[in-house]
Amino acid sequence: MVRPDATSRARYLFVAVVVGHILLISSQVGSASGPSLLRSAFVGVVTEAQRATWALVGGIRSIWDGYIGLRGVRAQNERLAQENADLKVRLQQERTNARGAEQLRGLLELRPRVPWATTGAEVVAGSASPDFRAVTIDKGLSEGIRRDMPVIAQAGVVGRVALPGGHTATVQLIIDRSAAAAGRIERSRTAGIALGNGDGTLRFEYLSATADVLRGDLVVTAGIDGIYPTGLVLGYVERVERNGPAYRLVTIRPVVDFSALETVLVLVAPTPVWTPPAPVHDERVTR
Amino acid sequence: MTALRAVAFVLAALVLQSVLARAVGSGAMDLGLVAVVSVALLHGRVSGLLAGTLAGLVQDGLGDGVLGMSGLGKSVAGFLTGVAGTQFIVTQTVSRFGVFLGATVVDRALFIGLSVLLGLRRYDRPYVDVAFQGITNAVIGVLLFQAIESLPAARERWRLMLERRQKRRYH
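These protein sequence lines are chains A and B, in that order. Under my numbering, the first residue of the first sequence carries the number 244, and numbering increases by one thereafter. Under my numbering, the first residue of the second sequence carries the number -5, and numbering increases by one thereafter.
Spelled out as structure tokens, the structure:
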């Protein structure tokens, strides 16, 4: 029997690896089920390593921040105190507005919004691949985190939980190329789908030709995609290009600074879906 | 031992990529691919192929994509780099730059091509993205190789300096 030489062996191995990858890809494409046990275990192990590395980096950074990099703290403190005072004034104004809105909602006999249960999480790592815009957070299945839970920051939408591990979870950012959310222009109530561009912006698609979109418009979640509740800020319209009556390109600049994410909130309660008011009980019918 | 070192090198590159992406918001480079190409140039096509499989599968596993997409591109890129390393002399800066750039093009072409073919992602300006990442990877790869090559000389200089110090102490 003729034994294959090193070149042939390498070629066979190459073909085997390529075929293996193609089979692996084919087995997953079109599957609607959640992540497999193998993948969850794999993610759990690797993200723990990421968490440990980030803890080490964080330790070094805290030493730097706490002892070495204290220059300019006084000036920063004064600036923050001023900012705090301004925010207090704004908070009072917002409270007044909220009270007014609550009264109006009561008048319209709409149900008051149920506040969502949230859990805070720290971002411990970024994505290991430039193809995926994702971050790893330090909360996972053990803390009640599940797939597709929305993740938000103070400014607005961050993304959704893509792969929950034991004590960590991978969050797909809303700017990822395969991320999407149902959105609405707050001013004109025009609905569309916000899709990630992969370059830090979103594009707003599936708009009607009669839609009213202007540069600077605020875009919020529409709450009809089954993931994000309504009213969360996605970003501002940065660019509007028209081709005749139809919109050719509407670009949204997200409000969240994804490169400076440190803490996020995961909405752990099920997404509250608007339900129509209960039908009026008709006495004549029941009798 | 060499295999273990190569695995550790690839994993370290991926951890560094995730930490850099977290801290700096970097997405324009692929340190995993740089590590794969380096392993292929240093240890040949089979090592490049296996390093590519490892790096790609780890990247796919950590993202929410289809498992094997990055793996396929990186395996092919690693194997072809290893073949190029044995067929041509890749010791000059320009040739190394070209190898890193070429490997990025192969990896990206397979990944983007499959993504578009399967309808998983949309790319508005793939050529610009590929060119930008290719140049970044090539610059990092060339610098990495220069560092690797200067390591033995630096180690020797350090050893001589220590010896000189010891001699001074005794005389």
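By construction, the Cβ of each residue, glycine as well, lies at the ideal position given by its N, Cα and C atoms. In this text the structure is predicted, and so the values were computed from the model without any measurement.
Query                                                                                                                                                                                   : Result
Scan the segment 28 to 79 of chain B and note each continuous alpha helix (DSSP H) run of 4 residues or more that stays entirely inside, going in chain order.                          : 39 to 56
Which partner residues of V377 of chain A appear in the DSSP bridge assignment?                                                                                                         : Checking the sequence shown, residue 377 of chain A turns out to be Ala, not Val. According to DSSP, A377 of chain A bridges with A:Q415.
Grab the span of the beta strand (DSSP E) containing A249 of chain A for me, first residue to last.                                                                                     : Segment 249 to 271 is the alpha helix (DSSP H) holding A249 of chain A; no beta strand (DSSP E) there.
Could you tell me whether the segment 453 to 468 of chain A touches the segment 142 to 159 of chain B, where touching means 3 or more Cβ pairs closer than 8 Å?                         : no
Taking all protein chains shown into account, do 16 or more other C-beta atoms lie within 10 angstroms of the C-beta of A396 of chain A, making it buried, or fewer, making it exposed? : buried
My output table needs one value for T506 of chain A: the three-state DSSP class, helix, strand or coil.                                                                                 : strand
Let me see if you follow: with CB-CB separation under 8 Å, is P393 of chain A close to chain B or not?                                                                                  : no
Are M63 of chain B and I418 of chain A closer than 8 Å when you measure CB to CB?                                                                                                       : no
Looking at chain B, is there any beta carbon in it that lies within less than 8 Å of the beta carbon of L475 of chain A?                                                                : no
For a contact meaning CB atoms closer than 7 Å, what does Q53 of chain B contact in chain A?                                                                                            : A371, S372
For the beta strand (DSSP E) that contains T361 of chain A, what are its first and last residues?                                                                                       : 361 to 368
Ignore the nearest five residues each way along the sequence and tell me which others in T(-4) of chain B's own chain have a CB closer than 7 Å to its CB.                              : H37
Alpha helix (DSSP H) containing E157 of chain B: first to last residue?                                                                                                                 : 120 to 164
Measuring straight from C-alpha to C-alpha, what distance separates L510 of chain A and V394 of chain A?                                                                                : 6 Å
So which residues on chain A does V40 of chain B lean against when the C-beta distance must stay under 9 Å?                                                                             : A249, R252, A253, L256, F257
Quick check on DSSP: helix, strand or coil for L330 of chain A?                                                                                                                         : helix
Report the residue from A:Y255, A:R403, A:G426, A:V462 whose alpha carbon sits nearest the alpha carbon of R389 of chain A.                                                             : A:R403
Does any residue of chain B bring its CB to less than 8 Å from the CB of A396 of chain A?                                                                                               : no
Please list, in chain order, all residues of the same chain as L156 of chain B whose beta carbon is under 7 Å from its beta carbon, the five residues on each side excluded.            : none
Assuming I470 of chain A is part of the beta strand (DSSP E), what are its boundary residues?                                                                                           : Premise fails: I470 of chain A is in no beta strand (DSSP E) and is neither H nor E.
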